[in-house]
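First the structure, in the form of structure tokens, and then the observations on it.
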Amino acid sequence: MNTFYVINGRKVKQALFLIAAILFIASIIYVERHNVTVFSYEEPSAIYSVVTDQKLIALTFDISWGDRTPGLVLDVLKEKGVEKATFFLSAPWSKQHPEITERIVAEGFEVGSHGHKYDNYSTLEDEEIRKQLIIANQILSETTGEQPTLLRLPNGDYDKRVLDIANRLGLTVIQWDTDSLDYRNPGVDNIVHRVVSYAHPGDIVLMHASDTAEQTHLALPAIIDKLRAAGYTFVTVSELINHTSIQGQEVRDNR
């Protein structure tokens, strides 16, 4: 009798271990694409793209300084009839340029936070990270009339602490899968080729509308035309995320 219970005890332990392993594996949904593993976690993660078969793409523009390029980018979007895009605004810039911020909102574009202090937030203490994000939220709420729910950190820099603090403040960290490299001003053709060649369904494209990005507005018309010709529909980041129940989140080892 004793032997019977010992054997069954082992079997129970083995069964429990097997169940735990299956549940762990089932909690991770992954897709291999271009040597990038896309995961879905319930814990806070930065979103780089979403998993979808539909040709949906989100154009995003970071603005931290200047008053020339933002208007030029907005002019192109209007001329091309692009009504859906997401702008990540630095809070101090938004406060300094309320008229441009108002135009972005009035033309129906989505606004996310680009933080307050322009620094690598992973180098800051927890309380300072929280302080910077709260200040940014307060300013952007005043200048846009809405509380931001999306956050793109300065330089795209974050760690798990930043993700957790942002999440607790109701902010989802948004990265990108296609970097236009427009901030380097590498030439209009190079910007166009990079975006169009790397674009894929569910993609989040990083561009800039700060004055330092001098070629973005010149490359944008061709980018829009070529993506449309390829069958893409432009959506906001929030619409892209809400399109599918699976949020594509690339997890990088160096984060």
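Counting in UniProt numbering, the sequence shown tops out at residue 255, every number present. Even glycine gets a Cβ: it sits at the ideal position worked out from N, Cα and C. Since this is a predicted model, take the numbers as computed values, not measurements.
How would you call Ala106, buried or exposed, if buried means at least 16 neighbouring beta carbons within 10 angstroms?
Translated into the one-based positions of the sequence shown, residue 106 becomes position 106. Ala106 comes out exposed.
Does DSSP put Asp179 in a helix, in a strand, or in coil?
To locate residue 179, count along the sequence shown from 1; it is residue 179. Three-state result, Asp179: strand.
For Trp65, which residues in the same chain have their Cβ closer than 8 angstroms to its Cβ, ignoring the five residues on either side in sequence?
Locating residue 65 in the sequence shown gives position 65, counting from the first residue. Ser90, Trp93, Ser210, Asp211, Thr212.
Let me check one thing: in DSSP terms, what residues is Ser113 bridge-paired to?
Residue numbering aside, residue 113 sits at position 113 when the sequence shown is read from its first letter. Answer is Leu89, Leu151.
Tell me the DSSP bridge mates of Val51?
As a first step, residue 51 must be located in the sequence shown, where it is residue number 51. Paired residue(s): none; Val51 is not in a bridge.
Is it buried or exposed, Thr37, if we count other Cβ atoms within 10 angstroms and call 16 or more buried?
Looking up residue 37 in the sequence shown gives position 37. The pLDDT assigned to Thr37 is 34, lower than 50, so where the model puts this residue is not dependable; a value taken from the coordinates is nonetheless given after this. It counts as exposed.
Cross-strand partners of Leu56 (DSSP beta bridge):
The residue given as residue 56 occupies position 56 in the sequence shown. Note: Leu56 sits in a beta bridge opposite Thr233.
What is the DSSP secondary structure of His208, reduced to helix, strand or coil?
Stepping through the sequence shown from its first residue, residue 208 is reached at position 208. If DSSP states are grouped into helix, strand and coil, His208 belongs with the strands.
Can you tell me where the alpha helix (DSSP H) with Ser141 in it begins and where it stops?
By one-based count along the sequence shown, residue 141 stands at place 141. Start and end: 126-144.
How far does the alpha helix (DSSP H) with Thr101 in it reach, from first residue to last?
Counting from 1 along the sequence shown, the entry for residue 101 is found at position 101. Per DSSP, Thr101 belongs to the alpha helix (DSSP H) from 98-106.
How would you label residue 256, buried or exposed, when you count the other beta carbons within 10 angstroms and need 16 or more for buried?
The structure shown does not extend to residue 256, since the chain is modelled only from 1 to 255, so the question has no answer here.
Drop a sphere of 10 angstroms on the beta-carbon of Ala229, count the other beta-carbons inside from all chains shown, and report buried for 16 or more, exposed for fewer.
Counting from one through the sequence shown, the residue named residue 229 turns up at place 229. With fewer than 16 other Cβ atoms within 10 Å, it is exposed.
Under three-state DSSP, which class holds Asp189?
For this step, residue 189 is matched to residue 189 along the sequence shown. Residue state, collapsed to three classes: helix.
N- and C-terminal bounds of the alpha helix (DSSP H) containing Val82:
For the purposes of this step, residue 82 is taken as residue 82 along the sequence shown, with counting starting at 1. Where Val82 is concerned, there is no enclosing alpha helix (DSSP H), given that its DSSP letter is neither H nor E.
Limits of the alpha helix (DSSP H) - the one that Ile165 falls within:
Here residue 165 refers to the residue found at position 165 when the sequence shown is read from its first residue. Per DSSP, Ile165 belongs to the alpha helix (DSSP H) from 160-168.
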